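J.:
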Amino acid sequence: MVLLQVQDLSVTLQTAHGPQEVISHINFSMNAGEKLGIVGESGCGKSITALALMSLLPPDSKINGKVILEGLDIATLNSREICSIRGNRIGIIFQEPMTALNPVKQIGAQVSESIYLHTKLNQKQALERVIELMDKVGLPVNRFPLNLYPHQLSGGQRQRVMIAMAIACNPDILIADEPTTALDVTVQEQILNLIRDLADSTGMALVMISHDLGVIAQTAENVMVMYTGNVVEMGSTVDVFQNMQHPYTHGLFSAIPHVGSSAQPGKKRLTSIPGQVPELHLRPNGCNFANRCPRASNICREKEPMATRVSDHHQVWCYHPLNREDKK
Amino acid sequence: MFKTLAELLRHGLKNWSFVIGGTISLLFFMVAFLSYFWTPYSVEDINISERLLKPSAEYLLGTDHFGRDILSMLIMGAKNSVIVAFVAIGIGIGCGVPLGLTAAAKKGWIDEFIMRFNDLTFAFPALISAIMITAILGPGSVNSIIAIGIFNIPVFARVTRGAALSIWKREFILAARSAGKGPFKISIEHILPNISSMLIVQATIQFALGILAEAGLSYLGLGTQPPMPSWGKMLNEAQTFMHFAPQLAIYPGAAIALTVLGLNLFGDGLRDVLDPKLRRSR
Chain A
1101 MVLLQVQDLS
1111 VTLQTAHGPQ
1121 EVISHINFSM
1131 NAGEKLGIVG
1141 ESGCGKSITA
1151 LALMSLLPPD
1161 SKINGKVILE
1171 GLDIATLNSR
1181 EICSIRGNRI
1191 GIIFQEPMTA
1201 LNPVKQIGAQ
1211 VSESIYLHTK
1221 LNQKQALERV
1231 IELMDKVGLP
1241 VNRFPLNLYP
1251 HQLSGGQRQR
1261 VMIAMAIACN
1271 PDILIADEPT
1281 TALDVTVQEQ
1291 ILNLIRDLAD
1301 STGMALVMIS
1311 HDLGVIAQTA
1321 ENVMVMYTGN
1331 VVEMGSTVDV
1341 FQNMQHPYTH
1351 GLFSAIPHVG
1361 SSAQPGKKRL
1371 TSIPGQVPEL
1381 HLRPNGCNFA
1391 NRCPRASNIC
1401 REKEPMATRV
1411 SDHHQVWCYH
1421 PLNREDKK
Chain B
20 MFKTLAELLR
30 HGLKNWSFVI
40 GGTISLLFFM
50 VAFLSYFWTP
60 YSVEDINISE
70 RLLKPSAEYL
80 LGTDHFGRDI
90 LSMLIMGAKN
100 SVIVAFVAIG
110 IGIGCGVPLG
120 LTAAAKKGWI
130 DEFIMRFNDL
140 TFAFPALISA
150 IMITAILGPG
160 SVNSIIAIGI
170 FNIPVFARVT
180 RGAALSIWKR
190 EFILAARSAG
200 KGPFKISIEH
210 ILPNISSMLI
220 VQATIQFALG
230 ILAEAGLSYL
240 GLGTQPPMPS
250 WGKMLNEAQT
260 FMHFAPQLAI
270 YPGAAIALTV
280 LGLNLFGDGL
290 RDVLDPKLRR
300 SR
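Protein chains in written order, with the working numbering: chain A, 1101 to 1428; chain B, 20 to 301.
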């Protein structure tokens, strides 16, 4: 059953160089309980996509296309209607647990906020719900009383509070916008497992946004690779990871460091993608990746590539997808 | 922020302006409070035969030209100042803070309208406008309270808006919005607690200004009316006797200066104590 459908979504933001389209013509759909990963480097529009799903973009931005949540186009809702969806049907976890909690409010009060907002639970029931939630995210109240303030918690603990806030009303979709980027590696693992387990146990759909392919591999069934506001490759995680087609995806994978790879003689150096992400107002015609792409030809610089089907659940936007031998 | 008042005090006691200003302010409030129960003499007792006495054991600070006890008048005057300043601040906060929060939350033309209206009120010197208002409404302590209160509104509106705008950019506001909160709830539940320390500091400063403004209006005969004593009025009456009884002007003048100084020091100290960044640098 299709839960969320994004059709031809484009977002235009006001920048110093005038209005710029930061994401263009994105299409995807999600079923209930599905886990979708969005991967790409900084500034590729991952977070903007997440904010667009919740209609949280700055007021002077322009959204084209549709975000349909079970027949309801989110982009056309008025502010009261959208408030009843945020936190209730869609929850979001932000990247920076250090700044995403109100420093002057106790954590219990912050978690209970959306419960009071979206459900009719009375004070006692809401308190029970908060205690249950804190238990679920691994902050049992006997060790972490609800009257703690955010500054009394570590980054990982704060991120757990954020998660509790996001799932307080049993949303249909949980968006995790780089939930582990600000955390250290051991905590990352715990938080990822927590998010995945919660998604599994409650059946909510998960949108995992990350620049870390490892994170995506661990959590997502399907993956969408983004570059400069375009989707360049999309498919099931297994297909994309094992049979990547787009040179950019391949570049991302080659840039993953392996332990000891440079220390041993004969092993190749850590490869990187040459060049830089073009700035918003300097994006070329045609394929945005063309000037960094080893396989680019004239057509790449003239016309934007269309979607090419690789298999049933695997699409790529490239004129020159990789062959098997290129991936060695 | 501060779990207990004790912690506030612990940090505050390291700060000289907080300690000195706090002591003076506390003394001032205690004196004002005292007037409800006791003054050495009644301020309405006129005793012409004992007028313009020098300080003595009987009249600690002497008497004025009606033979009233100066100390009693000063004590009653403190109460008068407190009431006027308090209510005026109340008017300023009660109207100014909601206006500032609305301007910050709504932005656009509402913001523009509120702030331009603010600029309009700012364009007139507060005391001159207060004189104008009391001239229209008629002299009296209630009218002087209203006049001073009205000119507190734009001050609080502006401070609130500025502080609120910076809080609106913080990520936890985005998190609150993503939880489905509307701008009204966010303003009350998230913005206000985060700017409260700034408002408290502003309130102490406006309090001092309120006392000053009240004294000014009373001096001009537009504020508190007899027989209720007021520091400003005492100054005005002392003017006539300046040459042979200067103490009549010195006492209320010193009381005004000391109180305003104390409150300003307290406000400064409080700002340093409430702001952890400033606290560390000291």
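Ideal placement from N, C-alpha and C gives every residue a C-beta, glycine not left out. Fair warning: this is a prediction, and the values are worked out from it, not measured in the lab.
Strictly below 8 Å CB to CB, what residues from chain A border PHE191 (chain B)?
T.: For the purposes of this step, residue 191 (chain B) is taken as the residue at position 172 of the second sequence. Here the neighbours are THR1199, ALA1200, LEU1201, ASN1202, PRO1203.
J.: If the cut-off is 9 Å on Cβ atoms, which residues from the segment 183 to 211 of chain B count as contacting chain A, listed in chain order?
T.: Cβ contacts with chain A: ARG189, GLU190, PHE191, ILE192, LEU193, ALA194, ALA195, ARG196, SER197, ALA198, GLY199, LYS200, GLY201, PRO202, LYS204, GLU208, HIS209.
J.: I need the straight-line Cα distance from LEU1306 (chain A) to VAL1410 (chain A), nearest angstrom please.
T.: As a position in the first sequence, residue 1306 (chain A) is number 206, starting the count at 1. As a position in the first sequence, residue 1410 (chain A) is number 310, starting the count at 1. Distance between the alpha carbons of LEU1306 (chain A) and VAL1410 (chain A) is about 25 Å.
J.: Can you tell which of A:GLU1379, A:ILE1123, A:SER1310 has its C-alpha closest to the C-alpha of LEU1157 (chain A)?
T.: The sequence position of residue 1157 (chain A) within the first sequence is 57, counting from 1. Nearest of A:GLU1379, A:ILE1123, A:SER1310 to LEU1157 (chain A), Cα basis: A:ILE1123.
J.: For HIS1218 (chain A), does the count of other Cβ atoms within 10 angstroms reach 16, so buried, or fall short, so exposed?
T.: Taking the first sequence and counting its residues from 1, one reaches residue 1218 (chain A) at position 118. It is buried - the Cβ of HIS1218 (chain A) has at least 16 other Cβ atoms within 10 Å.
J.: Between ASN1270 (chain A) and chain B, is there a C-beta pair that is closer than 8 Å?
T.: Translated into positions along the first sequence, residue 1270 (chain A) becomes position 170. With 8 Å as the cut-off, ASN1270 (chain A) does not count as an interface residue toward chain B.
J.: Could you check whether VAL1315 (chain A) and THR1337 (chain A) sit closer than 8 Å to each other, using their CB atoms as the reference points?
T.: One-based indexing of the first sequence puts residue 1337 (chain A) at position 237. One-based indexing of the first sequence puts residue 1315 (chain A) at position 215. No, the pair does not count as a contact, with Cβ atoms beyond the cut-off.
J.: Is there a Cβ of chain B sitting closer than 8 Å to that of GLY1187 (chain A), yes or no?
T.: Numbered from 1 along the first sequence, position 87 holds the residue referred to as residue 1187 (chain A). Answer yes: the Cβ-Cβ gap between GLY1187 (chain A) and chain B drops below 8 Å somewhere.
J.: So with CB distances below 8 Å, who are the chain A contacts of ASN213 (chain B)?
T.: Position 194 of the second sequence, counted from the start, is the residue given in the question as residue 213 (chain B). Going along chain A in sequence order, the residues near ASN213 (chain B) (Cβ under 8 Å) are ASN1202, PRO1203, VAL1204.
J.: Here's the rule: buried if 16 or more other CB atoms are within 10 angstroms of the residue's CB, otherwise exposed. What is HIS1251 (chain A)?
T.: As a first step, residue 1251 (chain A) is located in the first sequence; it is residue number 151 there, counting from the start. It is exposed - the Cβ of HIS1251 (chain A) has fewer than 16 other Cβ atoms within 10 Å.
J.: On a CA-only basis, which of A:HIS1346, A:HIS1311, A:GLN1345 is nearest ILE1356 (chain A)? Give me that one, please.
T.: As a first step, residue 1356 (chain A) is located in the first sequence; it is residue number 256 there, counting from the start. Minimum Cα distance to ILE1356 (chain A) is reached at A:HIS1311.
J.: Are the beta-carbon atoms belonging to ILE189 (chain B) and GLY119 (chain B) less than 8 Å from one another?
T.: Counting from one through the second sequence, the residue named residue 189 (chain B) turns up at place 170. Counting from one through the second sequence, the residue named residue 119 (chain B) turns up at place 100. Before going further, note that residue 189 (chain B) is Arg rather than Ile in the sequence given. The answer is no: Cβ separation not under 8 Å.
J.: For the beta strand (DSSP E) containing ILE1192 (chain A), list its first residue and its last residue.
T.: For the purposes of this step, residue 1192 (chain A) is taken as residue 92 along the first sequence, with counting starting at 1. First-last of the beta strand (DSSP E) with ILE1192 (chain A): 1190 to 1193.
J.: May I have the straight-line CA-CA distance separating SER1179 (chain A) from PRO202 (chain B), to the nearest angstrom?
T.: One-based indexing of the first sequence puts residue 1179 (chain A) at position 79. One-based indexing of the second sequence puts residue 202 (chain B) at position 183. C-alpha separation (whole angstroms): 10 Å.
J.: Quick test of your reading: MET1154 (chain A) and ALA1132 (chain A), contact by CB under 8 Å. State the CB separation rounded to the nearest angstrom.
T.: Residue numbering aside, residue 1154 (chain A) sits at position 54 when the first sequence is read from its first letter. Residue numbering aside, residue 1132 (chain A) sits at position 32 when the first sequence is read from its first letter. Not quite, the Cβ-Cβ distance comes to about 18 Å (not below 8 Å), so this is no contact.
J.: Would ILE129 (chain B) pass as an interface residue toward chain A - the criterion being a Cβ-Cβ separation below 8 Å?
T.: Mapped onto the second sequence, residue 129 (chain B) falls at position 110. False, the Cβ-Cβ gap to chain A never drops below 8 Å.
J.: Around the C-beta of MET151 (chain B), are 16 or more other C-beta atoms found within 10 angstroms, so that it is buried, or is it exposed?
T.: Reading the second sequence from its first residue, position 132 is the one you call residue 151 (chain B). So MET151 (chain B) counts as exposed.
J.: Compare the C-beta of SER1254 (chain A) against all C-beta atoms of chain B and say whether one is closer than 8 Å.
T.: Here residue 1254 (chain A) refers to the residue found at position 154 when the first sequence is read from its first residue. So no, SER1254 (chain A) is outside the interface.
J.: Got a sec: is the Cβ-Cβ distance from CYS1183 (chain A) to anything in chain B below 8 Å?
T.: As a position in the first sequence, residue 1183 (chain A) is number 83, starting the count at 1. It does; some Cβ of chain B falls within 8 Å.
J.: Could you tell me which chain B residues have their CB closer than 8 Å to the CB of GLU1278 (chain A), listed as they occur along the chain?
T.: The residue labelled residue 1278 (chain A) in the question sits at position 178 within the first sequence. Those within 8 Å of GLU1278 (chain A) in chain B number zero; the least Cβ separation is about 13 Å.
J.: Report the rounded CA-to-CA distance for SER300 (chain B) versus ALA107 (chain B), giving the unit in angstroms.
T.: The residue labelled residue 300 (chain B) in the question sits at position 281 within the second sequence. The residue labelled residue 107 (chain B) in the question sits at position 88 within the second sequence. Because SER300 (chain B) sits at a pLDDT of 46, beneath the cut-off of 50, its placement in the model cannot be relied upon, and the point is left open.
J.: Taking Cβ positions only, does HIS1073 (chain A) come closer than 8 Å to chain B?
T.: No answer is possible for residue 1073 (chain A): it lies beyond the span of chain A, which begins at 1101 and ends at 1428.
J.: Counting contacts by CB-CB distance shorter than 8 Å, is MET1308 (chain A) in contact with chain B?
T.: As a working note, residue 1308 (chain A) is residue 208 in the first sequence. No, MET1308 (chain A) does not count as interfacial toward chain B.
J.: Would you kindly check if the distance between the Cβ of ALA149 (chain B) and the Cβ of ALA268 (chain B) is under 8 Å?
T.: What you label residue 268 (chain B) is simply residue 249 of the second sequence in a count that begins at 1. What you label residue 149 (chain B) is simply residue 130 of the second sequence in a count that begins at 1. It is not a contact, given that the beta carbons lie outside the stated cut-off.
J.: Pick from A:LEU1274, A:ARG1392, A:ALA1200, A:VAL1237: whose alpha carbon is nearest that of MET1308 (chain A)?
T.: The residue labelled residue 1308 (chain A) in the question sits at position 208 within the first sequence. Among A:LEU1274, A:ARG1392, A:ALA1200, A:VAL1237, the Cα nearest to that of MET1308 (chain A) belongs to A:LEU1274.
J.: Kindly indicate which three-state DSSP category LYS57 (chain B) falls into: helix, strand or coil?
T.: The residue you call residue 57 (chain B) lines up with position 38 of the second sequence. A small fix is needed here, since residue 57 (chain B) is Trp in this sequence, not Lys. Looking at TRP57 (chain B) - three-state DSSP - the assignment turns out to be coil, as it is neither helix nor strand.
J.: Which bits of chain B does ILE1192 (chain A) rub up against, with CB to CB less than 7 Å?
T.: Residue numbering aside, residue 1192 (chain A) sits at position 92 when the first sequence is read from its first letter. Within 7 Å Cβ-Cβ: SER197.
J.: Should MET1265 (chain A) be flagged as near chain B, meaning a C-beta pair shorter than 8 Å?
T.: For the purposes of this step, residue 1265 (chain A) is identified with residue 165 of the first sequence, where counting begins at 1. With 8 Å as the cut-off, MET1265 (chain A) counts as an interface residue toward chain B.
J.: Spell out a yes or no on whether the segment 1245 to 1264 of chain A and the segment 1199 to 1212 of chain A are touching, meaning 3 or more CB-CB pairs, one atom from each, closer than 8 Å.
T.: Output reads yes: the segment 1199 to 1212 of chain A touches the segment 1245 to 1264 of chain A.
J.: Within its chain, find whatever has a CB closer than 8 Å to the CB of THR278 (chain B); leave out the 5 residues flanking it on each side and keep chain order.
T.: Here residue 278 (chain B) refers to the residue found at position 259 when the second sequence is read from its first residue. Closer than 8 Å at Cβ, skipping near neighbours: ILE43, SER44, PHE47, ALA97, SER100, ALA227, ILE230.
J.: Considering only residues of the same chain and omitting the five flanking positions on each side of PHE21 (chain B), which have a CB-CB separation below 6 Å?
T.: Within the second sequence, the letter at position 2 stands for residue 21 (chain B). Only weak support exists for where PHE21 (chain B) lies, its pLDDT of 49 falling under 50; the coordinates are left without a value.
J.: Is the CB of LEU1109 (chain A) under 8 Å away from at least one CB in chain B?
T.: Numbered from its first residue, the first sequence carries residue 1109 (chain A) at position 9. It does not; no Cβ of chain B falls within 8 Å.
J.: Cα-Cα, which of B:GLY235, B:ILE214, B:GLY240, B:THR140 is closest to GLY272 (chain B)?
T.: Reading the second sequence from its first residue, position 253 is the one you call residue 272 (chain B). Here the closest residue by C-alpha is B:GLY235.
J.: What are the boundary residues of the beta strand (DSSP E) that includes HIS1414 (chain A)?
T.: Taking the first sequence and counting its residues from 1, the one referred to as residue 1414 (chain A) is at position 314. Counting along the chain, the beta strand (DSSP E) containing HIS1414 (chain A) begins and ends at 1414 to 1417.
J.: Can you find the residues in the same chain that come closer than 7 Å, C-beta to C-beta, to LEU289 (chain B), ignoring five residues on each side of it along the sequence?
T.: Counting from 1 along the second sequence, the entry for residue 289 (chain B) is found at position 270. These residues qualify, in order along the chain: PHE37, ILE219, VAL220, THR223.
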